[in-house]
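In my numbering, the protein residues as written are 50 to 381. Have a look at the structure below before the remarks.
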């Protein structure tokens, strides 16, 4: 470009070796090559500067427009959310279905705590809400179905469940107890299963250590319309069992369902024996004898001459993990 400008200047100014022509008059003045070079040099400098600016612009990084950045950000967020949803709702639950300790860790230690924080409620409160929204008041069967549906599709809970539930039903129907005892009410699921099958005039005492669980269980039992058949007692079983005869006028129980803390199965069974609350023929039915497991209790009732026991194989509630119920008949 510089060379071209110089050539143009030389061409317009003429041959530099030839002397310039003499001006026609003094007023016209002399206009030689030097007069033309200054504006041409300025033009060349301007062109060079513009060229340099364009070169710098080309080297600068080009950032996407604000709309494109938001679209990219939202796409990434949607992808991450979809992956987390698949993990939370399908992949991890499918994996823990077959491992007892992973199932308990995932459902009790992780999912329950996360949902407690997100919903600012407890699992029993969420179960109560599911019953109130989906079950018919006064219909025990619809309450059971609402809890089972909630626990299978939304949030696992440690009820006896719809797999072992029919086993419990068959034993209760077989015994047809006048006085029944349940150790561990939780939200009242198994309480309702038992109470709905009791003959007229029968009573079910259910013991719950946790007052928050007991408060929820009261409402769910009332929603099922079984409050007249059930008496819910709050407190430790070791304190309440010795009071049964004097406080409630009960000579002995015909049926006992053990579903509270697993380490208390054996000491509470021995306490029932000591207090004379088991008669010949009393049936004890213990849940979760495999998962989480009650090895000391099983060893006792299976080897004691005072009991005749049999095992009902099943699954841990709402999973594929093996679990079962142990039925033991007290022989006196």
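Cβ coordinates follow ideal geometry from the N, Cα and C atoms, glycine included.
Within a Cβ cutoff of 7 Å, which residues of the same chain sit near residue i, ignoring the five residues on either side of it in sequence?
i: residue 268; result: 177
i: residue 161; result: 172
i: residue 314; result: 307, 335, 343, 346
i: residue 356; result: 350, 377, 378, 379, 380
i: residue 165; result: 171
i: residue 156; result: 205
i: residue 191; result: 184, 185
What did DSSP end up calling residue i once you bin it into helix, strand or coil?
i: residue 255; result: strand
i: residue 169; result: coil
i: residue 278; result: coil
i: residue 220; result: helix
i: residue 309; result: coil
i: residue 126; result: helix
i: residue 373; result: strand
i: residue 80; result: Reliability fails at residue 80, whose pLDDT of 48 lies under 50, so the model's placement of it is uncertain and the value that follows must be treated cautiously. DSSP places residue 80 in coil when its eight states are reduced to three.
i: residue 232; result: strand
i: residue 351; result: helix
i: residue 240; result: helix
i: residue 330; result: strand
i: residue 283; result: strand
i: residue 363; result: strand
i: residue 335; result: strand
i: residue 225; result: coil
i: residue 346; result: helix
i: residue 95; result: In this prediction, residue 95 has a pLDDT of 49, which is less than 50 and means its spatial position is unreliable; what the coordinates show is noted afterwards. Reduced to three states, the DSSP call for residue 95 is helix.
Who are the near neighbours of residue i in its chain, counting only those whose CB is closer than 6 Å to its CB and skipping five residues on each side?
i: residue 146; result: 368, 369
i: residue 233; result: 308, 309
i: residue 209; result: 217, 239, 336
i: residue 299; result: 228, 293
i: residue 260; result: 283
i: residue 84; result: Residue confidence is low: residue 84 scores 49 on pLDDT, short of 50, so the model does not pin down where it sits. Its coordinate-derived value is still stated next. Counting only Cβ-Cβ distances below 6 Å, and skipping sequence neighbours, we find nothing.
i: residue 201; result: 367
Once you ignore the five residues that flank residue i on each side, which residues in its own chain have a CB closer than 8 Å to its CB?
i: residue 229; result: 221, 243, 247, 251, 252, 253, 254, 302, 303, 304, 305, 306
i: residue 270; result: 237, 240, 241, 244, 276, 279, 281
i: residue 213; result: 336, 361, 363, 364, 366, 372, 373, 374
i: residue 289; result: 256, 282
i: residue 227; result: 248, 250, 251, 252, 303
i: residue 329; result: 379, 380, 381
i: residue 274; result: 186, 187, 188, 189
Using only the alpha-carbon positions, how far apart do residue i and residue j sit?
i: residue 320; j: residue 131; result: 53 Å
i: residue 381; j: residue 169; result: 49 Å
i: residue 236; j: residue 262; result: 6 Å
i: residue 193; j: residue 119; result: 48 Å
i: residue 338; j: residue 181; result: 32 Å
i: residue 364; j: residue 126; result: 38 Å
i: residue 20; j: residue 375; result: No answer is possible for residue 20: it lies beyond the span of the chain, which begins at 50 and ends at 381.
i: residue 384; j: residue 128; result: Residue 384 lies beyond the stretch modelled for the chain, which goes from 50 to 381, so this question has no answer here.
i: residue 151; j: residue 312; result: 20 Å
i: residue 211; j: residue 199; result: 12 Å
i: residue 323; j: residue 377; result: 17 Å
i: residue 317; j: residue 265; result: 24 Å
i: residue 292; j: residue 231; result: 15 Å
i: residue 296; j: residue 153; result: 37 Å
i: residue 188; j: residue 121; result: 52 Å
i: residue 203; j: residue 197; result: 10 Å
i: residue 341; j: residue 123; result: 44 Å
i: residue 327; j: residue 225; result: 16 Å
i: residue 174; j: residue 149; result: 25 Å
i: residue 159; j: residue 179; result: 21 Å
i: residue 286; j: residue 258; result: 7 Å
i: residue 195; j: residue 117; result: 47 Å
i: residue 325; j: residue 272; result: 34 Å
i: residue 395; j: residue 167; result: Lying outside 50 to 381, the shown extent of the chain, residue 395 is not represented and no answer is given.
i: residue 207; j: residue 215; result: 16 Å
i: residue 382; j: residue 352; result: Because the chain spans 50 through 381 in this model, residue 382 falls outside it and cannot be assessed.
Taking 7 Å as the cut-off, is the C-beta of residue i nearer than that to any heavy atom in the ligand COA?
i: residue 284; result: This structure simply doesn't include the ligand COA, nor any ligand for that matter.
Do we get a CB-CB distance below 8 Å when we pair residue i with the residues of chain C?
i: residue 126; result: You won't find chain C in this structure, because it holds only one protein chain.
Check your understanding: Is it a yes or a no for the region 326 to 334 touching the region 210 to 225, going by three-plus beta-carbon pairs under 8 Å?
Key -> Contact holds: three or more Cβ-Cβ distances are below 8 Å.
Review point. In chain order, which continuous runs of the alpha helix (DSSP H) of length 4 or greater are located wholly inside the region 176 to 209?
Key: Listed in chain order, the complete alpha helix (DSSP H) runs (minimum 4 residues) inside the region 176 to 209 are 189 to 202.
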